[in-house]
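The structure appears right after this line, and notes come after that.
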Amino acid sequence: MVALLFFLVAPLLWIFNLVVASRKETPAQALQIPPGNLGWPLIGETFRYAVQSGSTFYDERVAKYGAVFKTSLFGSKTVVLPAPEGNRLILMNENKLVSVSYPKSVSVLLGENSLIALRGDEHRRSKALLMTFLRPEMLQKFVGRVCKVVHDHLQKFWSGGDEVIRVYNLMKMFTFALACDLLMGLDIGDEEMEFLARDFDTLVRGLFQLPIDLPGTQFCRAKAARKKLDQCFDRHIREKRREIAGSFRARSHEQDMLEVLLTTRDENGEFSTDLAIKDNIVSLLFAGHDTSSVALTWTLKFLADSPSCMDKIVQENLAIRNSRSSSELSWEDLRKLKYTWQVVQESMRMRPPVGGGFREALVDLEFDGYVVPKGWKASFLLNWTTATSYRKPEFFVEPNKFDPSRFDGGNAIAPYTFLPFGAGARMCPGSEFAKMEILVFLHYCVLQFDWKLLEPNEQVIIDPMPRPVHGMPVRISKRN
Numbered sequence: 091m092v093a094l095l096f097f098l099v100a101p102l103l104w105i106f107n108l109v110v111a112s113r114k115e116t117p118a119q120a121l122q123i124p125p126g127n128l129g130w131p132l133i134g135e136t137f138r139y140a141v142q143s144g145s146t147f148y149d150e151r152v153a154k155y156g157a158v159f160k161t162s163l164f165g166s167k168t169v170v171l172p173a174p175e176g177n178r179l180i181l182m183n184e185n186k187l188v189s190v191s192y193p194k195s196v197s198v199l200l201g202e203n204s205l206i207a208l209r210g211d212e213h214r215r216s217k218a219l220l221m222t223f224l225r226p227e228m229l230q231k232f233v234g235r236v237c238k239v240v241h242d243h244l245q246k247f248w249s250g251g252d253e254v255i256r257v258y259n260l261m262k263m264f265t266f267a268l269a270c271d272l273l274m275g276l277d278i279g280d281e282e283m284e285f286l287a288r289d290f291d292t293l294v295r296g297l298f299q300l301p302i303d304l305p306g307t308q309f310c311r312a313k314a315a316r317k318k319l320d321q322c323f324d325r326h327i328r329e330k331r332r333e334i335a336g337s338f339r340a341r342s343h344e345q346d347m348l349e350v351l352l353t354t355r356d357e358n359g360e361f362s363t364d365l366a367i368k369d370n371i372v373s374l375l376f377a378g379h380d381t382s383s384v385a386l387t388w389t390l391k392f393l394a395d396s397p398s399c400m401d402k403i404v405q406e407n408l409a410i411r412n413s414r415s416s417s418e419l420s421w422e423d424l425r426k427l428k429y430t431w432q433v434v435q436e437s438m439r440m441r442p443p444v445g446g447g448f449r450e451a452l453v454d455l456e457f458d459g460y461v462v463p464k465g466w467k468a469s470f471l472l473n474w475t476t477a478t479s480y481r482k483p484e485f486f487v488e489p490n491k492f493d494p495s496r497f498d499g500g501n502a503i504a505p506y507t508f509l510p511f512g513a514g515a516r517m518c519p520g521s522e523f524a525k526m527e528i529l530v531f532l533h534y535c536v537l538q539f540d541w542k543l544l545e546p547n548e549q550v551i552i553d554p555m556p557r558p559v560h561g562m563p564v565r566i567s568k569r570n
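According to my numbering, the sequence shown holds residues 91 to 570 in order.
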């Protein structure tokens with residue numbers, strides 16, 4: 091009888107234990123998803139983010155929901171984490187707790203082979219290949235070429251004196267011409283360059299749009315622009331291959347990025363495919379052109395607003411010019427422009443070209459009493475944003491004041507609170523390239539010209555980077 095009861099009760103006890111176990115929450119599951127608002131279906135809060143500055147969008151939600159909140163941007167549910175802890179968690183745990191995961195529009199337009207879209211070993215190999223060209227030892231050979239592009243630009247667009255120019259438009263022209271020269275070795279006329287720049291601008295404007303591929307949408311126009319750019323790149327790749335194969339090697343001592351990609355094998359002994367080359371050229375044009383043009387635009391704006399800073403930067407660059415025997419800058423000269431770079435750093439803090447980045451949770455990710463569950467990775471992204479630290483008084487004294495001296499080395503910047511080029515495994519590989527082009531331009535610009543803002547309070551829009559709505563008109567004059 092006892093045996094019979096055992097065989098009857100044991101299965102019931104086993105089933106009961108299973109039910110209890112299935113209902114028992116893990117520590118992560120017991121936590122809540124952060125509060126917030128996902129906005130409208132599909133579009134989320136993307137439009138509101140686009141018309142507000144990044145800091146305004148962030149501050150409004152922190153006031154309502156707290157430092158950790160959810161939203162929905164560019165078709166993806168997003169959790170925003172505060173600095174510095176959130177930045178450290180996301181940026182230093184690539185491929186462990188999180189993995190890069192940009193909106194679909196980015197991977198479609200920049201390409202699945204672009205460095206920004208690759209993960210793990212593929213990302214590491216591709217980055218190592220690009221660093222063949224972007225490392226400082228290689229870049230210092232190109233200072234002379236950068237100087238020439240700067241001279242040509244200033245002579246063509248700034249030399250009239252006492253005239254009105256639009257800074258943002260000209261900075262985009264300058265950085266695009268330089269990127270085409272150093273990255274692809276393009277030697278084309280002004281008209282073709284203008285068409286190429288226009289197509290590229292159309293592509294960039296579609297990067298952070300909802301991926302709706304219907305006629306008339308920004309994303310559809312961006313895809314068409316990418317197709318036209320690819321056709322141009324295909325022609326240039328064929329020409330570059332003929333040049334490499336032939337006896338004539340133009341500027342053989344100064345390889346451009348395209349030649350490096352065509353002639354360098356990766357660690358597996360393989361050459362890049364044409365598609366991978368085009369994807370990386372497009373992503374490098376984006377990183378080396380758009381972000382630098384924005385940084386230069388706002389640096390010139392803040393200098394116009396700060397006469398004392400303008401005086402100091404002029405004096406530093408004048409001292410460098412008077413100390414050298416050649417008319418051209420050298421790599422060593424650039425290393426001496428300490429205050430000039432502090433001005434750029436402070437400009438990037440006040441108006442960061444890049445507002446953040448996206449990562450996808452690979453595990454149940456816990457942060458400050460909340461959780462992003464594993465399994466939501468297809469639609470739930472994490473965002474580290476500059477707005478969480480750049481304008482916070484606990485990290486930067488008088489955060490709304492333009493003060494380059496905060497970067498002079500005497501004031502320690504808290505880790506993970508100022509990240510203009512990111513950090514960790516996915517730190518921007520073009521940081522030294524950007525620093526070189528910005529410093530060379532500022533050197534010659536501040537020594538030759540002064541400028542006055544015609545719209546000091548011009549509206550700023552995020553598209554996808556902060557740009558002045560009227561292009562920042564200024565009146566320039568020759569400096570004595």
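Virtual Cβ for every residue (Gly too), placed ideally from N, Cα, C. Source: prediction; values computed, not measured.
Q | 6 Å Cβ shell around PHE223 - same chain, five flanking residues per side excluded | A | Taking the sequence shown and counting its residues from 1, the one referred to as residue 223 is at position 133. Answer for PHE223: MET347, VAL350, listed in chain order.
Q) DSSP puts LEU297 in a beta bridge; with which residues? A) Within the sequence shown, residue 297 is the residue found at index 207, counting from 1. Answer is none; LEU297 lacks a bridge partner.
Q.
My output table needs one value for SER362: the three-state DSSP class, helix, strand or coil.
A. Translated into the one-based positions of the sequence shown, residue 362 becomes position 272. Assignment of SER362 by DSSP, reduced to helix, strand and coil, places it in the coil class.
Q. So, ASN185 versus LEU509, is the Cβ gap smaller than 8 Å?
A. Stepping through the sequence shown from its first residue, residue 185 is reached at position 95. Stepping through the sequence shown from its first residue, residue 509 is reached at position 419. One thing to note: ASN185 has its Cβ no nearer than 8 Å to the Cβ of LEU509.
Q) Can you tell me the Cα-Cα spacing of ASN183 and GLU545, whole angstroms? A) Here residue 183 refers to the residue found at position 93 of the sequence shown. Here residue 545 refers to the residue found at position 455 of the sequence shown. Distance between the alpha carbons of ASN183 and GLU545: 43 Å.
Q.
With DSSP as the reference, identify every bridge partner of ASP540, one or two as the case may be.
A. To locate residue 540, count along the sequence shown from 1; it is residue 450. In DSSP, ASP540 forms a bridge with SER567.
Q: Specify whether the region 232-239 and the region 188-197 touch according to this definition: at least 3 beta carbon pairs, one from each stretch, less than 8 Å apart.
A: Under the three-pair Cβ rule at 8 Å, the region 232-239 does not count as touching the region 188-197.
Q. Given that a residue counts as buried once 16 or more other Cβ atoms are within 10 Å of its Cβ, and exposed if not, what is GLN435?
A. As a working note, residue 435 is residue 345 in the sequence shown. Counting Cβ neighbours within 10 Å, GLN435 comes out buried, since at least 16 surround it.
Q. Pick from GLY201, MET261, PHE323: whose alpha carbon is nearest that of LEU286?
A. On the sequence shown, position 196 is the one that residue 286 refers to. For LEU286, the nearest C-alpha among the options comes from PHE323.
(Q) Out of TYR534, VAL564, PHE376, which one is the CA nearest neighbour of CYS237? (A) Taking the first residue of the sequence shown as position 1, residue 237 is located at position 147. Looking only at TYR534, VAL564, PHE376, the smallest Cα-Cα distance to CYS237 is reached by TYR534.
Q) Among all the DSSP beta bridges, which residues are the ones paired with PHE457? A) Residue mapping note: residue 457 aligns to position 367 of the sequence shown, counting from 1. The partner list for PHE457 (beta bridge, DSSP) reads TYR460.
Q.
What would DSSP say about GLU253, mapped onto helix, strand or coil?
A. Position 163 of the sequence shown, counted from the first residue, corresponds to residue 253. GLU253 falls in the strand class under three-state DSSP.
Q. In chain order, what residues of the same chain lie with their CB nearer than 7 Å to the CB of TYR460, ignoring the 5 residues before and after it?
A. As a working mapping, residue 460 is identified with position 370 in the sequence shown. These residues qualify, in order along the chain: LEU121, GLN122, ILE123, PRO124, VAL158.
Q) Between the Cα of HIS243 and the Cα atoms of GLU253, TYR258, MET263, MET228, which residue gives the shortest distance? A) Locating residue 243 in the sequence shown gives position 153, counting from the first residue. Residue MET263 is the option with its Cα nearest to HIS243.
Q | Segment limits, beta strand (DSSP E) that includes LEU171 | A | What you label residue 171 is simply residue 81 of the sequence shown in a count that begins at 1. Note, LEU171: beta strand (DSSP E), 166-171.
Q. Tell me the DSSP bridge mates of LYS160?
A. The residue given as residue 160 occupies position 70 in the sequence shown. Under DSSP, LYS160 shares a beta bridge with GLY126, VAL169.
Q.
Given this structure, state the Cα-to-Cα distance separating ILE566 from PHE309, to the nearest angstrom.
A. Working through the sequence shown from its first residue, we reach residue 566 at position 476. Working through the sequence shown from its first residue, we reach residue 309 at position 219. Distance between the alpha carbons of ILE566 and PHE309: 37 Å.
Q) Within 10 angstroms of its Cβ, does VAL559 collect 16 or more other Cβ (buried), or is it exposed? A) On the sequence shown, residue 559 is found 469 positions in, with the first residue counted as 1. By the Cβ-count criterion, VAL559 is exposed, with fewer than 16 other Cβ atoms from all chains shown falling within 10 Å of its own Cβ.
Q: Please confirm whether ARG295 and ALA269 have their CB atoms less than 8 Å apart.
A: Within the sequence shown, the letter at position 205 stands for residue 295. Within the sequence shown, the letter at position 179 stands for residue 269. Inclusion of ARG295 and ALA269 in the CB contact set at 8 Å is not warranted, their separation being larger than that value.
Q.
Relative to the C-alpha of LEU273, which candidate in VAL188, GLU282, GLU202, PHE376 has its C-alpha closest?
A. Here residue 273 refers to the residue found at position 183 of the sequence shown. Distances from the CA of LEU273 to each of VAL188, GLU282, GLU202, PHE376 were compared; the closest alpha carbon is that of PHE376.
Q. Alpha carbon to alpha carbon, what distance is there between GLY447 and CYS518?
A. Translated into positions along the sequence shown, residue 518 becomes position 428. Translated into positions along the sequence shown, residue 447 becomes position 357. When rounded, the distance between both Cα atoms is 12 Å.
Q: Kindly provide the ranges of any alpha helix (DSSP H) runs that are 4 or more residues long and lie completely inside the region 342-414, ordered along the chain.
A: Runs found: 347-353, 364-375, 381-395, 397-413.
Q: Report the residue from GLU212, MET555, ASN370, ARG516 whose alpha carbon sits nearest the alpha carbon of PHE298.
A: Here residue 298 is taken as the residue at index 208 of the sequence shown, counted from 1. Nearest C-alpha to PHE298: MET555.
Q) Span of the beta strand (DSSP E) holding VAL550? A) Locating residue 550 in the sequence shown gives position 460, where the first residue counts as 1. Per DSSP, the unbroken beta strand (DSSP E) holding VAL550 starts and ends at 550-552.
Q: Could you check the C-alpha separation between ARG516 and GLU253 for me, to the nearest Å?
A: Counted from its first residue, the sequence shown places residue 516 at position 426. Counted from its first residue, the sequence shown places residue 253 at position 163. Approximately 42 Å, taken between the alpha carbons.
**Q.** Which of helix, strand or coil DSSP assigns to GLU135
**A.** Locating residue 135 in the sequence shown gives position 45, where the first residue counts as 1. In the structure shown, the three-state DSSP call for GLU135 is coil.
Q | ARG481 - DSSP class collapsed to helix/strand/coil | A | The residue labelled residue 481 in the question sits at position 391 within the sequence shown. Note: ARG481 maps to coil in three-state DSSP.
Q. Which runs of the beta strand (DSSP E), 3 residues or longer, sit entirely within the region 499-535?
A. Those beta strand (DSSP E) runs which fall completely within the region 499-535 and span 3+ residues do not exist here.
Q. With burial defined as no fewer than 16 other Cβ atoms inside 10 Å of the residue's Cβ, what is the status of ALA504: buried or exposed?
A. One-based indexing of the sequence shown puts residue 504 at position 414. With fewer than 16 other Cβ atoms inside 10 Å of its own Cβ, ALA504 counts as exposed.
Q) Start and end of the beta strand (DSSP E) containing ARG441? A) Locating residue 441 in the sequence shown gives position 351, where the first residue counts as 1. ARG441 -> no beta strand (DSSP E), and no H or E assigned at all.
**Q.** Alpha-carbon spacing of ASN127 relative to ILE552, whole angstroms
**A.** As a first step, residue 127 must be located in the sequence shown, where it is residue number 37. As a first step, residue 552 must be located in the sequence shown, where it is residue number 462. Taking the CA atoms as reference points, ASN127 sits about 21 Å from ILE552.
Q.
Within the continuous alpha helix (DSSP H) that includes ARG557, where are the two ends?
A. Working through the sequence shown from its first residue, we reach residue 557 at position 467. No alpha helix (DSSP H) holds ARG557; the beta strand (DSSP E) holding it covers 556-558.
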